[in-house]
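Each residue of the sequence shown is one higher than the last, beginning at 2 in the working numbering. C-beta atoms are modelled at their ideal positions from N, C-alpha and C, and glycine is treated no differently. Source: prediction; values computed, not measured.
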Amino acid sequence: MNDSSAPHRTELILEALGADTDFREAVIGDLAEEFALRVRWDGPVAARRWYHRESIRVAPYLLRDWWRSLRWTNVAYFANVLLWSSMSVMALESLLQRSVRGLVLLIHGTPLDALPVSAGVASLMLCWTLIDGAFAGYVAARIGRRAPLPSALLLGGTLTGVMIWSGLNVAPPWFLAANVTTLIAGTIAGGLFRACTPRALPVRSSANQLQRTARP
2 MNDSSAPHRT
12 ELILEALGAD
22 TDFREAVIGD
32 LAEEFALRVR
42 WDGPVAARRW
52 YHRESIRVAP
62 YLLRDWWRSL
72 RWTNVAYFAN
82 VLLWSSMSVM
92 ALESLLQRSV
102 RGLVLLIHGT
112 PLDALPVSAG
122 VASLMLCWTL
132 IDGAFAGYVA
142 ARIGRRAPLP
152 SALLLGGTLT
162 GVMIWSGLNV
172 APPWFLAANV
182 TTLIAGTIAG
192 GLFRACTPRA
202 LPVRSSANQL
212 QRTARP
């Protein structure tokens with residue numbers, strides 16, 4: 002990668018926050034211009050550190066722009082994202098559940114539900130939750146291509162609410178808290194992974210491409 006080019010993966014993450022195209026291009030374009038100047042002044046390593054810090058600072062503004070641009074017409078779109086991504090997660094969870102239960106029964110000769118809660122069982126269930134969350138975030142970001150990361154966060158929030166409601170009077174508080182934290186972390190990680198992969202976003206217009214290419 003050219004030292005004067007802004008970190009591409011970070012750009013993709015900023016784009017995936019779903020802000021209005023003009024606002025998003027203006028913010029990312031300004032960051033790219035400043036980055037090129039800082040490469041000449043401070044060197045590529047310091048410039049990248051600055052870019053990542055500045056990206057963290059501007060991310061809430063991009064996310065807020067997406068939130069402000071929401072209309073009632075978007076409800077059906079995000080409902081569709083939730084529906085299909087939830088169905089995908091349920092299919093994976095069913096497969097994992099059968100596999101893990103069969104493996105535990107084969108090794109211990111005891112059903113998973115009958116095992117006492119121990120560090121090993123808790124770790125296994127948290128790994129299960131992490132895989133579920135990462136898959137959920139990835140699928141939601143892939144389906145919700147207009148706003149990949151908000152789509153992943155929306156699904157993560159929904160799944161978290163369901164988990165808290167269903168486990169409030171069943172699981173120990175410490176395990177419920179750990180499970181919720183793991184689910185949120187997995188969902189965000191899955192969304193970020195999808196955001197950093199090619200074609201996670203709609204193809205930009207040729208005018209925007211030329212404008213970005215023309216910047217120093």
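As a quick exercise: from the options, pick the residue whose alpha carbon is nearest that of residue i.
{"i": "Thr183", "options": "Arg143, Ile132, Leu97 and Ile57", "result": "Ile132"}
{"i": "Trp85", "options": "Gln98, Ala186, Val140 and Gly134", "result": "Val140"}
{"i": "Val90", "options": "Ile144, Val46, Ala60 and Thr74", "result": "Ile144"}
{"i": "His9", "options": "Phe24, Tyr52, Thr22 and Ala27", "result": "Tyr52"}
{"i": "Ala142", "options": "Val163, Ala123, Gly103 and Tyr78", "result": "Tyr78"}
{"i": "Ala60", "options": "Ile29, Gly103 and Ile185", "result": "Ile29"}
{"i": "Ala80", "options": "Leu156, Ile185 and Pro174", "result": "Leu156"}
{"i": "Val69", "options": "Leu18, Leu125 and Ala27", "result": "First, the amino acid is wrong: residue 69 is Arg here, not Val. The shortest Cα separation from Arg69 among Leu18, Leu125 and Ala27 belongs to Leu18."}
{"i": "Gln98", "options": "Asp23, Glu35, Arg146 and Met126", "result": "Met126"}
Going by DSSP, what residue range makes up the alpha helix (DSSP H) through residue i?
{"i": "Gly158", "result": "Pro149 to Gly168"}
{"i": "Gly30", "result": "Thr22 to Asp43"}
{"i": "Arg195", "result": "Pro174 to Ala196"}
{"i": "Leu15", "result": "His9 to Glu16"}
Less than 8 Å between the CB atoms is what I'm expecting for residue i and residue j, so what's the real figure, rounded?
{"i": "Ser56", "j": "Thr11", "result": "5 Å"}
{"i": "Trp67", "j": "Ala148", "result": "6 Å"}
{"i": "Ile14", "j": "Cys128", "result": "Not confirmed; about 25 Å, so no contact."}
{"i": "Leu160", "j": "Ala137", "result": "6 Å"}
{"i": "Arg25", "j": "Leu83", "result": "Incorrect: roughly 24 Å between the Cβ atoms, too far for contact."}
{"i": "Leu177", "j": "Gly168", "result": "5 Å"}
Here's the rule I'm using: 16 or more other beta-carbon atoms within 10 Å means buried, otherwise exposed. How should residue i be labelled?
{"i": "Gly158", "result": "exposed"}
{"i": "Ala20", "result": "buried"}
{"i": "Ser6", "result": "exposed"}
{"i": "Leu38", "result": "exposed"}
{"i": "Pro151", "result": "buried"}
{"i": "Val76", "result": "exposed"}
{"i": "Ala135", "result": "buried"}
{"i": "Thr188", "result": "buried"}
{"i": "Glu16", "result": "buried"}
{"i": "Arg195", "result": "buried"}
{"i": "Ala48", "result": "buried"}
{"i": "Arg163", "result": "In the sequence on display, residue 163 carries Val and not Arg. Counting Cβ neighbours within 10 Å, Val163 comes out exposed, since fewer than 16 surround it."}
{"i": "Ala172", "result": "buried"}
{"i": "Val46", "result": "exposed"}
{"i": "Gln212", "result": "Model confidence at Gln212 stands at a pLDDT of 43, short of 50, so the residue's coordinates are unreliable and nothing is read from them."}
{"i": "Leu96", "result": "exposed"}
{"i": "Gly192", "result": "buried"}
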